[in-house]
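Visitor: Please find one structure pasted underneath; my questions will follow.
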Amino acid sequence: MKKLTDQIKQSVPLLALLAGLIVNIQAFAETVVVEHGYIRATIPGTTVSSAYMEIKNTSKQDIVLIGATSKVSDRIEIHEHVMNDEMMRMQQRESLTIAANDSVVLQPSGYHLMIFNLAEPLKVDENVELTLQFSDKKTVNILLPVQSIKRKKQKESAHHHHH
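At position 96 of the sequence shown the residue is numbered 1101 (the working numbering), and the sequence of numbers has no breaks.
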C-alpha cells in the first residue's frame, strides 16, 4: 500500500503539469474565435483554392497568425491583395497580426489563405480541417465548409447587410 501511495505522490506534479497545459491550450482556443469561415471549391483543372474567415482575438494581447496546415495541402500561405500601379496584385505575407480585443477579416480581394498543391479537388458541401498556427507556437483547429464561388456571390447579392 505504501508503494502505491508513493507512486501517486510522485505522479501528482506530472498530472498537475499536464492539467495546466490542457487548461492553457483551452484558454488560448477560447481567446481566438473563428467565424464565417469557408473555403472555395476548386475550379476544374486547378490545384489551388483559398480560405476566408473572421479571426477574433478576445485576449488582452496581440496575437500573430504565421500560417496554417491541413491534410489536403502541403503548402498554405497567408496572402493579401494590394494595389500596385493601378493593378490589383496578390502577394504573400509572413504573418498577420490580430490586435488585442480586435478582429481581422480574411475575404476575397483582401487577406486570405492560399491553399496550394491540392491532391484532390475540393467539392461543394465537403468540410476541410485547417490548423491555424500562431507565433507563440499555439494552434487552433477549425473545420471549414467548401462553398461554390457562384453560390457565395448569389448569397451576397441576395442579402444587403450594411456593417
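C-beta atoms are modelled at their ideal positions from N, C-alpha and C, and glycine is treated no differently.
Buried or exposed: which applies to Val1028, given that a residue is buried once 16 or more other Cβ atoms fall within 10 Å of its Cβ?
Guide: Caution applies to Val1028, whose pLDDT of 47 falls short of 50 and renders its modelled position unreliable; the value that the coordinates give is listed next. Counting every other CB atom within 10 Å of its CB across the protein chains shown gives Val1028 a total below 16, marking it as exposed.
Visitor: Measure the C-alpha to C-alpha separation of Ile1044 and Asn1132 and round it to an integer number of angstroms.
Guide: C-alpha separation (whole angstroms): 9 angstroms.
Visitor: Could you pull out every residue in the same chain whose Cβ sits closer than 8 angstroms to the Cβ of Gln1138, ignoring the five residues on either side in sequence?
Guide: Leu1070, Ile1071, Gly1072, Ala1073, Thr1074, Thr1144
Visitor: To the nearest whole angstrom, what separates the beta carbons of Glu1082 and Gln1066, a pair I think is in contact under 8 angstroms?
Guide: About 25 angstroms; that fails the 8 angstroms criterion.
Visitor: Excluding sequence positions up to five away, which residues of its chain have a Cβ less than 6 angstroms from the Cβ of Ile1068?
Guide: Asn1062, Ile1103, Phe1139
Visitor: Rounded to whole angstroms, what is the Cα-Cα separation between Ala1046 and Asp1141?
Guide: Between Ala1046 and Asp1141, the C-alpha separation is close to 31 angstroms.
Visitor: How many angstroms separate the CA atom of Phe1121 from the CA atom of Ile1048?
Guide: 13 angstroms
Visitor: Tell me Thr977's beta-bridge partners as DSSP assigns them.
Guide: Nothing in the structure corresponds to residue 977, since the chain is present only between 1006 and 1168.
Visitor: Report the residue from Ser1078, Asn1089, Val1109 whose alpha carbon sits nearest the alpha carbon of Pro1126.
Guide: Ser1078
Visitor: Hey, which unbroken runs of the alpha helix (DSSP H) at 4 residues or more fall wholly within the region 1110-1155?
Guide: none
Visitor: Applying the criterion that 16 or more other CB atoms from any shown protein chain within 10 Å of the CB defines a buried residue, is His1041 buried or exposed?
Guide: exposed
Visitor: Kindly indicate the opening and closing residues of the beta strand (DSSP E) around Lys1065.
Guide: No beta strand (DSSP E) holds Lys1065; DSSP gives it neither H nor E.
Visitor: Answer with yes or no whether the minimum CB distance from Val1077 to chain D is below 8 angstroms.
Guide: Protein chain content of the structure displayed is limited to a single chain, and chain D is not contained in it.
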